[in-house]
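**Q**
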Amino acid sequence: MSLHIKGGRLIDPANKTDGKKDLYIDDEGFVVGVGKAPDGFKPSGTLDVTGKIVCPGLVDLRARLREPGLEYKATIESELRAAVAAGITTLSCPPDSNPVIETPAMAQMIQSRAWRFGLTFIHPLGALTRGLEGKLLADMEALDDAGCVGFTNGFEPVKDTLVMRRALEYAATFDLTVFLHAEDPWLRNGGCVHEGEVGTRLGLPGIPEAAETVGVARDLALIEQTGCRAHFCNLSSARAVAMIAEAQKQGLPVSADVTAHHLHLTEHDIGFFNTQCHVRPPLRSQRDRDGLRQALKNGVLGAICSDHQPHEPDAKLAPFAESEPGISALETLLPLTLKLVDEKLVSLPEAIALLTWRPADILGVDTGRLDLGATADICVFDPEAHWILTEDKLASRGHNTPFLNWEFRGRVTHTLIGGNLVYELK
Amino acid sequence: MTDDLQFDGQGHLRHLLTIEGLSRQTILEILDIAESFITVGEREIKKVPLARGKTVVNLFFESSTRTRTTFEIAAKRLSADVINLNVSASSTSKGETLLDTIRNLEAMHTDLFVVRHSESGAAHLIARHVPSHVHIINAGDGRHAHPTQALLDVFTIRRHKGAFDKLKIAIVGDILHSRVARSQIHALTTLGVAELRVIAPKTLLPTAVEKLGVRAFTNMEDGLEGVDVVMMLRLQRERMQGGHIPSEQEYFNLYGLTPAKLDFAAKDAIVMHPGPMNRGLEIDSAVADGAQSVILPQVTYGIAVRMAVMALIMGGHAEPVAGRRKE
Numbered sequence: 001m002s003l004h005i006k007g008g009r010l011i012d013p014a015n016k017t018d019g020k021k022d023l024y025i026d027d028e029g030f031v032v033g034v035g036k037a038p039d040g041f042k043p044s045g046t047l048d049v050t051g052k053i054v055c056p057g058l059v060d061l062r063a064r065l066r067e068p069g070l071e072y073k074a075t076i077e078s079e080l081r082a083a084v085a086a087g088i089t090t091l092s093c094p095p096d097s098n099p100v101i102e103t104p105a106m107a108q109m110i111q112s113r114a115w116r117f118g119l120t121f122i123h124p125l126g127a128l129t130r131g132l133e134g135k136l137l138a139d140m141e142a143l144d145d146a147g148c149v150g151f152t153n154g155f156e157p158v159k160d161t162l163v164m165r166r167a168l169e170y171a172a173t174f175d176l177t178v179f180l181h182a183e184d185p186w187l188r189n190g191g192c193v194h195e196g197e198v199g200t201r202l203g204l205p206g207i208p209e210a211a212e213t214v215g216v217a218r219d220l221a222l223i224e225q226t227g228c229r230a231h232f233c234n235l236s237s238a239r240a241v242a243m244i245a246e247a248q249k250q251g252l253p254v255s256a257d258v259t260a261h262h263l264h265l266t267e268h269d270i271g272f273f274n275t276q277c278h279v280r281p282p283l284r285s286q287r288d289r290d291g292l293r294q295a296l297k298n299g300v301l302g303a304i305c306s307d308h309q310p311h312e313p314d315a316k317l318a319p320f321a322e323s324e325p326g327i328s329a330l331e332t333l334l335p336l337t338l339k340l341v342d343e344k345l346v347s348l349p350e351a352i353a354l355l356t357w358r359p360a361d362i363l364g365v366d367t368g369r370l371d372l373g374a375t376a377d378i379c380v381f382d383p384e385a386h387w388i389l390t391e392d393k394l395a396s397r398g399h400n401t402p403f404l405n406w407e408f409r410g411r412v413t414h415t416l417i418g419g420n421l422v423y424e425l426k
Numbered sequence: 427m428t429d430d431l432q433f434d435g436q437g438h439l440r441h442l443l444t445i446e447g448l449s450r451q452t453i454l455e456i457l458d459i460a461e462s463f464i465t466v467g468e469r470e471i472k473k474v475p476l477a478r479g480k481t482v483v484n485l486f487f488e489s490s491t492r493t494r495t496t497f498e499i500a501a502k503r504l505s506a507d508v509i510n511l512n513v514s515a516s517s518t519s520k521g522e523t524l525l526d527t528i529r530n531l532e533a534m535h536t537d538l539f540v541v542r543h544s545e546s547g548a549a550h551l552i553a554r555h556v557p558s559h560v561h562i563i564n565a566g567d568g569r570h571a572h573p574t575q576a577l578l579d580v581f582t583i584r585r586h587k588g589a590f591d592k593l594k595i596a597i598v599g600d601i602l603h604s605r606v607a608r609s610q611i612h613a614l615t616t617l618g619v620a621e622l623r624v625i626a627p628k629t630l631l632p633t634a635v636e637k638l639g640v641r642a643f644t645n646m647e648d649g650l651e652g653v654d655v656v657m658m659l660r661l662q663r664e665r666m667q668g669g670h671i672p673s674e675q676e677y678f679n680l681y682g683l684t685p686a687k688l689d690f691a692a693k694d695a696i697v698m699h700p701g702p703m704n705r706g707l708e709i710d711s712a713v714a715d716g717a718q719s720v721i722l723p724q725v726t727y728g729i730a731v732r733m734a735v736m737a738l739i740m741g742g743h744a745e746p747v748a749g750r751r752k753e
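Protein chains in written order, with the numbering used here: chain A, 1 to 426; chain B, 427 to 753.
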């Protein structure tokens with residue numbers, strides 16, 4: 001059915017659009033008019049979004065859906081429902097499910113599961129090495145054909161630098177993007193918090209900043225050697241982003257992202273062992289958080305992602321180090337990003353760019369923008385809605401978030417995928 | 427940051443999980459009550475009825491003889507019923523979670539759990555999930571805290587050295603892995619000692635340790651210069667997995683407390699150790715058994731201090747019982 005979305009403020013940063021403009025969508029789900037209807041357009045429906053902001057559907061670089069393998073935590077269906085409630089219309093999932101995404105069949109299975117629900121698009125990342133064991137290369141080209149938009153070893157670093165070199169060379173051969181979690185496994189040494197003031201006070205084994213900077217330095221050297229295009233996931237320290245900035249200045253093909261929670265929380269939020277703040281990489285110091293924010297502002301960090309990791313309640317009901325890391329974060333991605341606008345770190349169009357066309361560019365997928373002819377994946381939110389996050393508002397199966405009882409301004413009211421209204425706030 | 431988990435709505439101590447967040451006044455109150463319990467152990471009938479009818483479970487997920495025994499004696503001298511459980515080998519190996527274990531024991535109407543666990547934060551986790559009438563005493567959680575040990579240490583210092591604000595104190599050894607050191611640091615900074623030092627090689631000093639309010643020294647002689655109290659730590663061989671020191675011999679040469687090194691401290695300095703000692707590794711027998719050692723009195727005081735904590739927590743506001751003869 002064709003649709004007229006009227007009365008909203010359209011912010012489409014990729015096209016430098018920001019103003020009161022209606023959108024017109026044809027019955028095949030494509031944008032056919034921006035600001036004015038095409039000749040003879042007769043919509044079969046109208047969506048009045050007066051006072052709201054209309055933007056491209058959000059693109060999340062990293063969300064774990066727990067299926068296959070960990071369905072007791074969440075399923076593709078449950079998390080895609082959470083994604084559309086969060087305004088996310090495209091997401092990428094890492095290959096560290098069980099089984100690992102290392103065969104075309106697995107990659108296709110995940111995508112076809114998502115297609116069946118007609119909700120958020122999933123672009124899988126394929127395994128960089130077989131079984132993520134860091135020893136033998138995975139079939140990257142076949143996985144690329146099967147729809148994988150990049151390759152990663154997930155949280156498991158490729159320890160062997162020769163294997164890493166070969167993986168980057170092979171990816172470069174086929175112009176594939178490699179997603180890296182830079183971390184030196186020996187310096188990490190079983191740590192669970194930032195090695196600093198709070199870890200010292202609580203007697204929790206720390207992960208030094210150098211675990212990240214040593215990992216980044218190694219990988220940058222190999223990227224320079226191989227010319228592989230690489231994306232650094234989830235940077236947590238100010239020094240690491242400074243290294244990325246320097247590499248970008250030298251013209252290396254590298255990008256990087258940060259999670260919304262690393263932009264808001266520090267090690268101090270752990271308080272007395274709050275396991276909801278157990279994340280990987282760890283929340284670091286105030287200075288690191290400031291450095292990440294600065295890098296976001298000057299464009300070194302190209303995207304904000306959720307790094308969604310839903311858990312069953314028991315996963316967090318353990319002593320801190322034994323609790324499972326991760327936050328159920330899809331539904332706080334936009335609210336936490338809008339907080340950065342309220343705090344005057346970035347403008348509203350810049351914030352939306354960090355959640356739409358910029359992550360889409362990193363994935364190399366054609367979305368995150370509302371050009372004429374684009375698929376109508378759209379997020380509508382009320383920028384003035386004040387609300388408090390409570391468990392009953394979460395659509396995700398995972399209720400593990402440190403942001404419960406936080407007050408937010410700005411809430412998703414409608415999500416459209418291919419012109420279909422797939423979510424409406426009740 | 428304080429932790430109100432330890433106090434009930436009226437400001438009474440409900441759990442003892444960490445020294446951090448306790449006021450100077452609360453610490454002194456515990457020491458005063460402990461003082462009144464010292465004489466109980468010297469009587470013919472070593473019992474007071476303060477916890478009669480209460481059930482205390484010593485729940486040890488990590489093995490310990492000394493600490494468990496002193497808690498057991500303390501509870502028995504308060505007339506409580508005491509059960510000792512070593513859980514390390516039973517439930518958890520069958521897949522039962524820590525909270526399951528607690529809930530089962532709670533269903534048996536336990537009033538107080540004395541908990542030791544190998545993971546930092548275990549006592550806080552338990553305290554967050556028990557009903558309000560159940561009390562928790564942390565008997566050591568990972569590297570985090572061992573509050574009753576620190577309390578008995580400051581009790582010992584007060585008995586032997588008097589006012590805290592004149593004292594220079596050094597803690598020596600494996601600060602990095604030591605829950606005892608962390609609790610001692612919180613207790614001594616809260617009590618306002620004149621100067622608190624930690625002495626260790628950099629591999630055994632936690633990052634940003636100065637933020638806890640101590641001066642860090644890597645040279646034993648410099649660190650001991652003029653101190654009134656030397657608090658030795660046990661070098662935990664079982665935690666030396668990372669190769670933090672090259673050899674035990676080198677460690678003893680550089681950081682072992684020998685009579686020669688002790689000479690750098692004040693002439694009347696006292697020497698303490700939480701036990702069990704590694705003689706010839708962190709402390710020379712001549713010092714451990716010497717005139718300046720208060721290591722055995724520490725053990726005796728440990729019972730009175732643990733009685734005081736239990737009485738304060740279970741009674742809400744126990745009165746000192748000095749002078750009372752018997753039930």
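C-beta atoms are modelled at their ideal positions from N, C-alpha and C, and glycine is treated no differently.
Owing to the predicted nature of the structure, the values given are computational and were not obtained by experimental measurement.
#1: Measuring only between beta-carbons, confirm whether B/Ser609 sits less than 7 Å from chain A.
#2: What does A/Thr401 reach in chain B if we use C-beta pairs closer than 7 Å?
#3: Does the beta-carbon of A/Phe151, which I'm using as the reference point, lie nearer than 6 Å to any heavy atom of the ligand ZN?
#4: Once you ignore the five residues that flank A/Ala242 on each side, which residues in its own chain have a CB closer than 6 Å to its CB?
#5: Find the residues of chain A that neighbour B/Pro632, judging by a C-beta separation of less than 7 Å, and give them in chain order.
#6: Applying the criterion that 16 or more other CB atoms from any shown protein chain within 10 Å of the CB defines a buried residue, is B/Gly618 buried or exposed?
#7: Listing by chain order, which chain A residues have their CB less than 9 Å from the CB of B/Gly566?
#8: Should B/Phe590 go down as buried or exposed, given a rule of 16 or more other Cβ atoms within 10 Å for buried?
#9: Nearest to A/Leu3 by alpha carbon, out of A/Ala37, A/Pro95, A/Ala230, A/Ser92?
#10: Starting from B/Leu538, trace the beta strand (DSSP E) both ways and give me its first and last residue.
#11: Going by C-alpha to C-alpha distance, which of A/His181, A/Ala256, A/Pro402 sits closest to A/Asn298?
#12: Is it true that the CB of A/Leu180 sits closer than 7 Å to the CB of A/Asp144?
#13: Output the distance between the C-alpha atoms of A/Arg293 and A/His386, rounded to the nearest integer angstrom.
#14: Can you pull out the residues from the segment 376-399 of chain A whose beta carbon lies closer than 8 Å to at least one beta carbon of chain B?
#15: Examine the Cβ distances between the segment 28-44 of chain A and the segment 69-82 of chain A and report whether three or more of them are shorter than 8 Å.
#16: Kindly indicate which three-state DSSP category B/Pro746 falls into: helix, strand or coil?
#17: Are there three or more Cβ pairs, one per stretch, closer than 8 Å when the segment 394-403 of chain A is compared with the segment 122-133 of chain A?
#18: If we require 4 or more residues per run, which alpha helix (DSSP H) segments fall completely within the segment 611-692 of chain B?
#19: Does the beta carbon of B/Ser558 come closer than 7 Å to any beta carbon on chain A?
#20: Any chance you could list the alpha helix (DSSP H) runs of at least 4 consecutive residues sitting entirely within the segment 80-165 of chain A, in chain order?
#21: At the 7 Å Cβ level, is A/Ala315 part of the contact set with chain B, yes or no?
#22: Report buried or exposed for A/Ala321, applying the criterion of at least 16 other Cβ atoms within 10 angstroms of its Cβ.
#23: Do B/Glu708 and B/Met658 count as a contact pair if the criterion is CB distance below 7 Å?
#24: Are there 16 or more other CB atoms within 10 angstroms of the CB of A/Arg201, so buried, or fewer, so exposed?
#25: Spell out whether any CB of chain A is found under 7 Å from the CB atom of B/Gly669.
#26: So B/Asp694 is in the alpha helix (DSSP H); what residue range does that whole segment cover?
#27: Measuring straight from C-alpha to C-alpha, what distance separates B/Met427 and A/Leu416?
#28: Three Cβ pairs or more, each shorter than 8 Å: is that satisfied between the segment 356-368 of chain A and the segment 10-28 of chain A?
#29: Per DSSP, what are the beta-bridge partners of A/Cys305 in this structure?
#30: How about B/Arg569: is its C-beta nearer than 7 Å to some C-beta of chain A?
#31: DSSP on A/Trp186, reduced to helix/strand/coil?
#32: Is DSSP giving A/Leu336 helix, strand or coil here?
#33: Using a C-beta to C-beta distance shorter than 8 Å, which residues of chain A count as neighbours of B/Ser546?
#34: Of the residues A/Lys316, A/Glu331, A/Leu330, which one's Cα is nearest the Cα of A/Glu324?
#35: Going by DSSP, name the residue or residues bridged to A/Tyr427.
#36: Could you check which residue in B/Ala730, B/Val624, B/Gly682 has the C-alpha nearest to that of B/Arg585?
**A** On the basis of the data shown:
#1: Stepping through the second sequence from its first residue, residue 609 of chain B is reached at position 183. So no, B/Ser609 is outside the interface.
#2: In the first sequence, residue 401 of chain A corresponds to position 401, counting from 1. Correct list: empty, because the minimum Cβ distance to chain B is about 17 Å.
#3: Here there are no bound small molecules, and the ligand ZN is not part of this structure.
#4: If you number the first sequence from 1, residue 242 of chain A lands on position 242. Cβ within range, chain order: n/a, list empty.
#5: As a first step, residue 632 of chain B must be located in the second sequence, where it is residue number 206. Correct list: Thr200.
#6: Within the second sequence, residue 618 of chain B is the residue found at index 192, counting from 1. Answer is exposed; the Cβ neighbour count stays below 16.
#7: What you label residue 566 of chain B is simply residue 140 of the second sequence in a count that begins at 1. Within chain A, no residue comes near B/Gly566; the closest Cβ sits about 10 Å away, beyond 9 Å.
#8: In the second sequence, residue 590 of chain B corresponds to position 164, counting from 1. Classification for B/Phe590: buried.
#9: For the purposes of this step, residue 3 of chain A is taken as residue 3 along the first sequence, with counting starting at 1. Closest option to A/Leu3, Cα to Cα, is A/Ala37.
#10: Position 112 of the second sequence, counted from the first residue, corresponds to residue 538 of chain B. Here the beta strand (DSSP E) through B/Leu538 covers 538-543.
#11: Translated into positions along the first sequence, residue 298 of chain A becomes position 298. Among A/His181, A/Ala256, A/Pro402, the Cα nearest to that of A/Asn298 is on A/Ala256.
#12: Residue mapping note: residue 144 of chain A aligns to position 144 of the first sequence, counting from 1. Residue mapping note: residue 180 of chain A aligns to position 180 of the first sequence, counting from 1. Their beta carbons are not under 7 Å apart, which means A/Asp144 does not touch A/Leu180 by this criterion.
#13: On the first sequence, position 293 is the one that residue 293 of chain A refers to. On the first sequence, position 386 is the one that residue 386 of chain A refers to. Approximately 24 Å, taken between the alpha carbons.
#14: Listed in sequence order: no entries.
#15: no
#16: Residue 746 of chain B sits at position 320 when you count from the first residue of the second sequence. Residue placement at B/Pro746 is flagged as unreliable, the pLDDT there being 47, under the threshold of 50; a coordinate-derived value is accordingly withheld.
#17: no
#18: 646-650, 674-681, 685-688
#19: Position 132 of the second sequence, counted from the start, is the residue given in the question as residue 558 of chain B. Answer no: the Cβ-Cβ gap between B/Ser558 and chain A never drops below 7 Å.
#20: 104-117, 140-145
#21: Taking the first sequence and counting its residues from 1, one reaches residue 315 of chain A at position 315. Closer than 7 Å: no.
#22: Mapped onto the first sequence, residue 321 of chain A falls at position 321. When all chains shown are included, A/Ala321 counts as buried.
#23: Translated into the one-based positions of the second sequence, residue 658 of chain B becomes position 232. Translated into the one-based positions of the second sequence, residue 708 of chain B becomes position 282. In this structure, B/Glu708 lies closer than 7 Å to B/Met658 by Cβ.
#24: By one-based count along the first sequence, residue 201 of chain A stands at place 201. That one is buried.
#25: Within the second sequence, the letter at position 243 stands for residue 669 of chain B. At least 7 Å separates the CB of B/Gly669 from every CB of chain A.
#26: Locating residue 694 of chain B in the second sequence gives position 268, counting from the first residue. Careful: B/Asp694 lies outside any alpha helix (DSSP H) and carries neither H nor E.
#27: On the second sequence, residue 427 of chain B is found 1 positions in, with the first residue counted as 1. On the first sequence, residue 416 of chain A is found 416 positions in, with the first residue counted as 1. Because B/Met427 carries a pLDDT of 39, less than 50, the predicted location of this residue cannot be relied on, and the following value inherits that uncertainty. If I take the Cα positions, the gap works out to 45 Å.
#28: Yes, the segment 356-368 of chain A is in contact with the segment 10-28 of chain A.
#29: For the purposes of this step, residue 305 of chain A is taken as the residue at position 305 of the first sequence. A/Thr259.
#30: As a working mapping, residue 569 of chain B is identified with position 143 in the second sequence. Answer yes: the Cβ-Cβ gap between B/Arg569 and chain A drops below 7 Å somewhere.
#31: Indexing the first sequence from 1 puts residue 186 of chain A at position 186. Of the three classes helix, strand and coil, the one that applies to A/Trp186 here is helix, per DSSP.
#32: Locating residue 336 of chain A in the first sequence gives position 336, where the first residue counts as 1. Reduced to three states, the DSSP call for A/Leu336 is helix.
#33: Counting from one through the second sequence, the residue named residue 546 of chain B turns up at place 120. Those are Leu202, Gly203, Leu204, Phe273, Pro319, Phe320, Ala321, listed as they occur along chain A.
#34: The residue given as residue 324 of chain A occupies position 324 in the first sequence. Ranking the options by Cα distance to A/Glu324, first place goes to A/Lys316.
#35: It is not possible to answer for residue 427 of chain A, since the shown part of chain A is limited to 1 through 426.
#36: Position 159 of the second sequence holds residue 585 of chain B. With distances taken between Cα atoms, B/Arg585 lies closest to B/Ala730.
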